[in-house]
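Heads up, the sequence shown is in my numbering, so the first residue is 241 and it goes up one at a time.
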Amino acid sequence: MADITITPAKNVAPLNLTQQWDKTFKLSDQVEHHKVTFRNRYGITLAADLYVPKNAKGKLPAIVLSGPFGTVKEQSSGLHAHEMAKRGFVTLAFDPSFTGESGGEVRDTASPDIFSEDFSAAVDFIGLQSFVDRDRIGVLAICGLTGMGVTAATADSRIKAVATTAMYDMSRSMSKGYQDYYTPEQRAKIVDHISQQRWKDAENGTFAKGWHELAFDDKGNIITAPALFPETALPEDAPEVAKRFFDYYKTPRGFHPRSINSTSAWTATTPMAFFEFNLMDNIKSYNRPLLLVTGDKAHSRYYSETVYENANQPKELVVVEGADHVDLYDDFNKIPFDKFEQFFNANLK
Numbered sequence: 241m242a243d244i245t246i247t248p249a250k251n252v253a254p255l256n257l258t259q260q261w262d263k264t265f266k267l268s269d270q271v272e273h274h275k276v277t278f279r280n281r282y283g284i285t286l287a288a289d290l291y292v293p294k295n296a297k298g299k300l301p302a303i304v305l306s307g308p309f310g311t312v313k314e315q316s317s318g319l320h321a322h323e324m325a326k327r328g329f330v331t332l333a334f335d336p337s338f339t340g341e342s343g344g345e346v347r348d349t350a351s352p353d354i355f356s357e358d359f360s361a362a363v364d365f366i367g368l369q370s371f372v373d374r375d376r377i378g379v380l381a382i383c384g385l386t387g388m389g390v391t392a393a394t395a396d397s398r399i400k401a402v403a404t405t406a407m408y409d410m411s412r413s414m415s416k417g418y419q420d421y422y423t424p425e426q427r428a429k430i431v432d433h434i435s436q437q438r439w440k441d442a443e444n445g446t447f448a449k450g451w452h453e454l455a456f457d458d459k460g461n462i463i464t465a466p467a468l469f470p471e472t473a474l475p476e477d478a479p480e481v482a483k484r485f486f487d488y489y490k491t492p493r494g495f496h497p498r499s500i501n502s503t504s505a506w507t508a509t510t511p512m513a514f515f516e517f518n519l520m521d522n523i524k525s526y527n528r529p530l531l532l533v534t535g536d537k538a539h540s541r542y543y544s545e546t547v548y549e550n551a552n553q554p555k556e557l558v559v560v561e562g563a564d565h566v567d568l569y570d571d572f573n574k575i576p577f578d579k580f581e582q583f584f585n586a587n588l589k
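Structure, rendered in structure tokens:
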């Protein structure tokens, strides 16, 4: 399929996209890469990388991808899209609204609603391509965008199958804490903290940065900062999970200057919407194939297990032996690409 013609989305505001290859992985000679833009139903222009298998013929199945939360398409989602294109799928890895190269103001703000819509907008775009079979479109979501990918599919029947990997339910994480540890008093304290931050933002006319997952010190005070990670190194006594994230986002392994996780933090009021809206409320209305991938050492494993328990058939839970959460971002020895290929081949017929 040499010299393919991309059908552009209509009425899209221009974006200043970086044209040089700046991914955290190398471009294979087995795929074609195209920078593209499209618009969601809120009028926000999204930036994406389109990967097409070289020398393929006919109308191909397609997969739209995004995640993890706070990353860009040059990181894990792009790596997954690139690999799945090598395996015969047209893939589209996009930056969610307000992040990366995508449009939208205020920058570095997250929305469970708009991010879910972004998946459907990606389906709009990829389904307009002449080399894509619009009846064979799936979603592969990673980490903190998994909840939005599943939620989009509960209301968009064009999405024929969903795979998630390293699932993180951001509504549950922000509103209940890790392993649901927030007490009612702590939850109320966080709600008040975010509410008071709105006064500060309104008075200043700006939007402060802060952690989206808030913690408490030993005196019961909320801990936050304008960046997720220090510039140089974590303290020796930092939790092992934090060290694993730091190793990905702050070292050459996965660092990218447009990534929120690599360089800064979300707006401090970002958690408010995730307290207000539960991403998994409609999981029981989803009745198409669902594949959930997690690691046996992943601190996030319980998110996948909970969704698996509540989801309808057909569903499958794959627990990768020896894999932690971050391994599933970029470790080719741990990521079950063969399983993803098998799943989408079987369910995008």
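Positions of the beta carbon are idealized from the N, C-alpha and C atoms, including for glycine.
Fair warning: this is a prediction, and the values are worked out from it, not measured in the lab.
Report yes if the C-beta distance between residue i and residue j is below 7 Å; otherwise report no.
i	j	result
Y291	H322	yes
T285	L257	no
S411	L519	yes
H496	A538	no
G340	R498	yes
K299	D348	no
Q437	T510	no
A467	S504	yes
I246	H273	no
V402	G389	yes
L332	V312	no
A249	F329	no
L474	A482	yes
V271	P293	yes
G378	K400	yes
Exposed or buried, which one is residue i when buried takes at least 16 other CB atoms within 10 Å?
i	result
S317	buried
Y594	The requested residue 594 does not occur in the structure, where the chain is confined to residues 241 to 589.
R376	buried
F224	Outside the displayed range of the chain (241 to 589) lies residue 224, so it cannot be described from this structure.
A563	buried
F584	buried
S502	buried
G310	buried
K449	buried
N251	exposed
With respect to the alpha helix (DSSP H) encompassing residue i, which residues constitute its N-terminal and C-terminal limits?
i	result
F486	E480 to Y489
D409	Run containing D409: none; DSSP gives neither H nor E here.
V363	P352 to G367
A448	Per DSSP, A448 belongs to no alpha helix (DSSP H) and is neither H nor E.
Taking the beta strand (DSSP E) that residue i falls in, what are its first and last residues?
i	result
D570	Segment D567 to D570 is the alpha helix (DSSP H) holding D570; no beta strand (DSSP E) there.
D373	V372 to I382
S306	L300 to S306
R602	Lying outside 241 to 589, the shown extent of the chain, residue 602 is not represented and no answer is given.
- Task: Count the C-beta pairs between the stretch 506–523 and the stretch 474–494 that are closer than 8 Å, then say yes if the count reaches three, no if not.
- Result: no
- Task: Could you tell me whether the stretch 522–535 touches the stretch 448–458, using the rule of 3 or more Cβ pairs below 8 Å?
- Result: No contact exists between the stretch 522–535 and the stretch 448–458.
- Item | the stretch 359–372 touching the stretch 541–548, judged by at least three CB pairs closer than 8 Å | no
- Runs of beta strand (DSSP E) wholly within the stretch 495–553 (minimum 3 residues, chain order): 530–535
- the stretch 324–339 contacting the stretch 400–409, beta-carbon criterion three pairs below 8 Å: no
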